[in-house]
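Trainee:
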Amino acid sequence: MPAWLPDANQRGVVFHVLQTQAPRFRLQHLIRLLEALWAAGRQCDLRLPSEQAVHTLDRQLWQYRADAFLPHALGSEAPETPIRLWADASPQQGDILINLHPQLPEHFKGFKLTLELLDQSPELIERGRERYRTFKKAHAVTPEVLKLTEEMLNP
Numbered sequence: 234m235p236a237w238l239p240d241a242n243q244r245g246v247v248f249h250v251l252q253t254q255a256p257r258f259r260l261q262h263l264i265r266l267l268e269a270l271w272a273a274g275r276q277c278d279l280r281l282p283s284e285q286a287v288h289t290l291d292r293q294l295w296q297y298r299a300d301a302f303l304p305h306a307l308g309s310e311a312p313e314t315p316i317r318l319w320a321d322a323s324p325q326q327g328d329i330l331i332n333l334h335p336q337l338p339e340h341f342k343g344f345k346l347t348l349e350l351l352d353q354s355p356e357l358i359e360r361g362r363e364r365y366r367t368f369k370k371a372h373a374v375t376p377e378v379l380k381l382t383e384e385m386l387n388p
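According to the numbering used here, the sequence shown is numbered sequentially starting from 234.
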């Protein structure tokens with residue numbers, strides 16, 4: 234099992250910090266993570282910064298590989314779908330919240346696990362640091378940080 238894959242009992246907040254600035258690795262990691270979580274029977278809610286980002290990711294999930302399928306839907310359209318994409322909002326509770334939004338998720342404590350995915354782009358790192366500090370100071374949660382190299386992402 235890869236080090237970045239959460240186990241069924243893991244709780245809290247985990248930052249996945251990719252040690253590259255190439256955006257394609259962030260998308261590749263997200264897709265591999267979603268594949269593994271879906272295979273493990275987990276439900277994931279992805280919080281994105283805009284409707285445009287939701288539709289872009291929706292298209293990328295449909296097109297990422299011709300021989301693969303990740304069951305996903307837009308927000309509340311299909312509540313039983315294993316992977317749901319949300320713009321700005323997200324449900325108040327659930328299994329796993331993957332935050333791709335620049336701001337702290339308001340209802341993260343209602344989820345068993347919150348994942349933050351960052352690469353080394355300056356804006357993502359700075360906003361990620363702000364969220365990390367807020368998790369610690371305002372919510373008394375010390376997030377785990379996983380530093381992921383390209384080798385770890387491409388076994």
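Note that beta-carbon positions come from the ideal geometry of N, C-alpha and C, so glycine has one too. Keep in mind that this is a model prediction, so the values were computed, not measured.
1) Determine the burial state of F344: buried for a count of at least 16 other Cβ atoms within 10 Å of its Cβ, exposed for fewer.
2) On the DSSP letters alone, give me the boundaries of the alpha helix (DSSP H) that V287 sits inside.
3) Determine the direct distance from the alpha carbon of F368 to that of P376, and round the result to whole angstroms.
4) Does the count of Cβ pairs from the region 355 to 371 and the region 260 to 276 closer than 8 Å reach three?
5) Roughly how many angstroms lie between the CA atoms of E383 and L238, to the nearest whole one?
6) Compute the beta-carbon to beta-carbon distance between L350 and H249, rounded to the nearest angstrom, for a pair I have assumed lies under 8 Å.
7) Do L318 and L307 have their beta-carbon atoms positioned less than 7 Å apart in this structure?
Mentor: In short:
1) Along the sequence shown, read from residue 1 onward, the residue named residue 344 stands at position 111. Label assigned to F344: buried.
2) Working through the sequence shown from its first residue, we reach residue 287 at position 54. That run of the alpha helix (DSSP H) goes E284 to Q296.
3) Along the sequence shown, read from residue 1 onward, the residue named residue 376 stands at position 143. Along the sequence shown, read from residue 1 onward, the residue named residue 368 stands at position 135. Straight-line Cα distance between these residues: approximately 7 Å.
4) no
5) For the purposes of this step, residue 383 is taken as residue 150 along the sequence shown, with counting starting at 1. For the purposes of this step, residue 238 is taken as residue 5 along the sequence shown, with counting starting at 1. Each residue's alpha carbon lies about 15 Å from the other.
6) Taking the first residue of the sequence shown as position 1, residue 350 is located at position 117. Taking the first residue of the sequence shown as position 1, residue 249 is located at position 16. Confirmed, about 5 Å.
7) What you label residue 307 is simply residue 74 of the sequence shown in a count that begins at 1. What you label residue 318 is simply residue 85 of the sequence shown in a count that begins at 1. Against a cut-off of 7 Å, the Cβ pair of L318 and L307 comes out as a contact.
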